[in-house]
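Presented below is the structure to which this report refers.
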Amino acid sequence: MLELQILLVFMIIGALIAVKTKDLLSSVIAVGTVGLGLSLAFLILKAPDLAIAQLVVEILCVIILIRATIRKDLPFSTSGRWLFNTFITFMFLVVFIGFGYYCMRDLPRFGEPIMKIAQHFVSQGLKETGAANLVSSVVLDYRAYDTLGEATILFTAVLGVMAVMRKIGRKK
Amino acid sequence: MTIIVKAITRLTVGLILLFGIYIVAHGHMSPGGGFAGGVIIALSFIHIMLAFGKEEAFKKINQGVASFFESIGAIIFITLALLGISGGYFFLNFLSKGEPFKLFSSGLIPLYNIAISFKVGSGLFIIVVILVLLKITKEGGDK
Amino acid sequence: MSVYLLCLILFCIGLYCILRKRNLIKIIIGIAITGHAVNLFFILIGYKANGRAPIHSPDQTILNMVDPLPQALVLTAIVIGLAVIALIAAIAMRVYEKYGTFDITKIRRLKG
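Residue numbers (my numbering), protein chains in the order written: chain A, -14 to 157; chain B, 33 to 175; chain C, 6 to 117.
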């Protein structure tokens, strides 16, 4: 899987550019490249549903972030204890990566998943639901409560945006 | 926007909407489904809004119609889920499965896909409309 | 194994951006990168070597499919991530309108 590692290195470089650039618009476009690389990675990992969804969602996300950043100044200030804060943050990240590496030895090896529940979906899914796309049958038949919760969260997000952005009631 | 963007938008926006409807309708046989199709349908209307301005987009679909479609999507989803109680339990797929690999097969899954596409598409369109309609007036400032 | 480690490094870049940056838009970008890394990790867990996509075909029986369960979980998580980012962007725009800045150290004072 050499192409997957090349794609991950490309995503890491894009993320570094997005973090370190001082211009906000360039930073937003760089995070867009991270999302498009993720879409290609889904396609390599044999998940075409997620590739389509990630592609269109990333386009909409970039549109929303550009709307939020256009014609804005960037107050870039490095006052206070800059060296101390950066040192503490890097120490925390090093400890985090160390524990993560320690935990990863117990994971199943890459390419050999533990398919206990999914064995039933793969062998009986077409007979029980009649849908050829197994991801669709899992989302909408076996685990439809997830979809109900997702619809609720989306509705709550729309309500939250409307409540934050409304103009009525702010007159004095 | 310039004349190039407007001319290209007139040609392509119908195709984008048609592609979204195709993705939704074939979600149980091929890659796609309600989520991706709904976002594509929302993007087609956002495309009109970005190219022609918000007045042209509100002639096609305004906030009342969008909120109506969002409510309709939620009501269809909950109603189909509640109808399953008649046969046993919540979210029962009670229609006949039909023959696999045909458009009308797999019971309730295409109807769930259509309901989710209504909900996701109109919800994201409403979010973008609200974010666009806000005028940035710097009332606080650095006092 | 190296793929898992690269995914962890991507997560840590997002975490650094959340912890260290003082601009609200940069914090939103860090949240987006962290979400991408977690979604990718779910799919990496369920990948099977030389597997096929989990979609049945009319005239052949496919045996070595990848795991469809993490894909179904991530499909909902992607749309939820978009909704959360839209909500945080709305709050950031309102904060800019109220205080005139994106710097999180300058919005401590109360304004009624």
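Built from N, CA and C at the ideal position, the CB exists for glycine as well.
Determine, using beta carbons only, whether residue i comes closer than 8 Å to chain B.
| i | result |
| --- | --- |
| methionine 147 (chain A) | yes |
| arginine 52 (chain A) | yes |
| valine 89 (chain C) | no |
| leucine 10 (chain C) | no |
| glycine 115 (chain A) | yes |
| isoleucine 60 (chain C) | yes |
| leucine 80 (chain C) | yes |
| serine 121 (chain A) | yes |
| alanine 97 (chain C) | no |
With residue i and residue j assumed to form a contact (beta carbons below 8 Å), what rounded beta-carbon distance in angstroms separates them?
| i | j | result |
| --- | --- | --- |
| glycine 52 (chain B) | isoleucine 72 (chain B) | 4 Å |
| lysine 46 (chain A) | isoleucine 93 (chain C) | According to the sequence shown, residue 46 (chain A) is cysteine rather than lysine. Incorrect: roughly 11 Å between the Cβ atoms, too far for contact. |
| methionine -14 (chain A) | valine 8 (chain C) | 7 Å |
| isoleucine 48 (chain B) | leucine 125 (chain A) | The pair is not a contact, with the Cβ atoms about 25 Å apart (cut-off 8 Å). |
| proline 93 (chain A) | lysine 53 (chain C) | In fact, because the Cβ distance is near 10 Å, the residues do not count as touching under 8 Å. |
| alanine 136 (chain A) | alanine 106 (chain B) | 7 Å |
| alanine 113 (chain B) | phenylalanine 126 (chain B) | About 11 Å; that fails the 8 Å criterion. |
| proline 75 (chain C) | glycine 105 (chain C) | That pair is no contact at about 44 Å. |
| valine 84 (chain C) | valine 42 (chain A) | 7 Å |
| serine 149 (chain B) | glycine 139 (chain B) | About 18 Å; that fails the 8 Å criterion. |
Does residue i have its Cβ less than 8 Å from a Cβ in chain A?
| i | result |
| --- | --- |
| glutamine 76 (chain C) | yes |
| alanine 68 (chain B) | yes |
| isoleucine 141 (chain B) | yes |
| tyrosine 144 (chain B) | yes |
| isoleucine 78 (chain B) | yes |
| arginine 113 (chain C) | no |
| glycine 173 (chain B) | Unreliable positioning characterises glycine 173 (chain B) in this predicted model, as indicated by a pLDDT of 42, which lies under 50. The coordinate reading is nonetheless provided below. Cβ-Cβ to chain A under 8 Å: no for glycine 173 (chain B). |
| glycine 120 (chain B) | no |
| phenylalanine 123 (chain B) | yes |
Any beta carbon of chain C sitting closer than 8 Å to that of residue i?
| i | result |
| --- | --- |
| lysine 112 (chain A) | no |
| lysine 151 (chain B) | no |
| isoleucine -9 (chain A) | no |
| lysine 170 (chain B) | Because lysine 170 (chain B) carries a pLDDT of 48, less than 50, the predicted location of this residue cannot be relied on, and the following value inherits that uncertainty. Cβ-Cβ to chain C under 8 Å: yes for lysine 170 (chain B). |
| phenylalanine 133 (chain B) | yes |
| leucine 163 (chain B) | yes |
| isoleucine 40 (chain B) | no |
| valine -6 (chain A) | yes |
Measuring CA to CA, which of the options is closest to residue i?
| i | options | result |
| --- | --- | --- |
| isoleucine 32 (chain C) | C:Asp108, C:Arg113, C:Phe46 | C:Asp108 |
| leucine 50 (chain A) | C:Leu20, C:Ile36, C:Leu10, C:Met6 | C:Ile36 |
| leucine -8 (chain A) | A:Ser24, A:Val107, A:Trp67, A:Ile2 | A:Ser24 |
| phenylalanine 75 (chain A) | C:Cys22, C:Val71, C:Ile112, C:Leu49 | C:Cys22 |
| phenylalanine 101 (chain B) | B:Leu156, B:Ile36, B:Thr44 | B:Leu156 |
| phenylalanine 140 (chain A) | B:Ala57, B:Ser154, B:Leu165 | B:Ser154 |
| alanine 116 (chain A) | B:Thr44, B:Ile35, B:Gly65 | B:Gly65 |
Would you list the residues sitting across from residue i in a DSSP beta bridge?
| i | result |
| --- | --- |
| aspartate 34 (chain A) | Paired residue(s): none; aspartate 34 (chain A) is not in a bridge. |
| aspartate 108 (chain C) | C:Asn28 |
Are there any heavy atoms of the ligand ATP lying less than 7 Å away from the beta-carbon of residue i, as far as the coordinates show?
| i | result |
| --- | --- |
| glycine 65 (chain B) | As presented, the structure is devoid of all ligands, the ligand ATP included, so that no description of it is given. |
Sequence ranges, alpha helix (DSSP H) only - wholly within the stretch 89 to 163 of chain B, length at least 4: Secondary structure in the stretch 89 to 163 of chain B: the alpha helix (DSSP H) runs of 4 residues or longer, each lying completely within the stretch, are 95 to 115 in chain order.
What runs of the alpha helix (DSSP H), each 4 residues or longer, lie entirely inside the stretch 53 to 91 of chain C? Taking only runs of at least 4 residues, no alpha helix (DSSP H) segment lies wholly in the stretch 53 to 91 of chain C.
Let me know the alpha helix (DSSP H) ranges lying completely inside the stretch 71 to 131 of chain A, each 4 residues or longer, listed in chain order. Within the stretch 71 to 131 of chain A, the complete alpha helix (DSSP H) runs of at least 4 residues fall at 103 to 114, 119 to 122.
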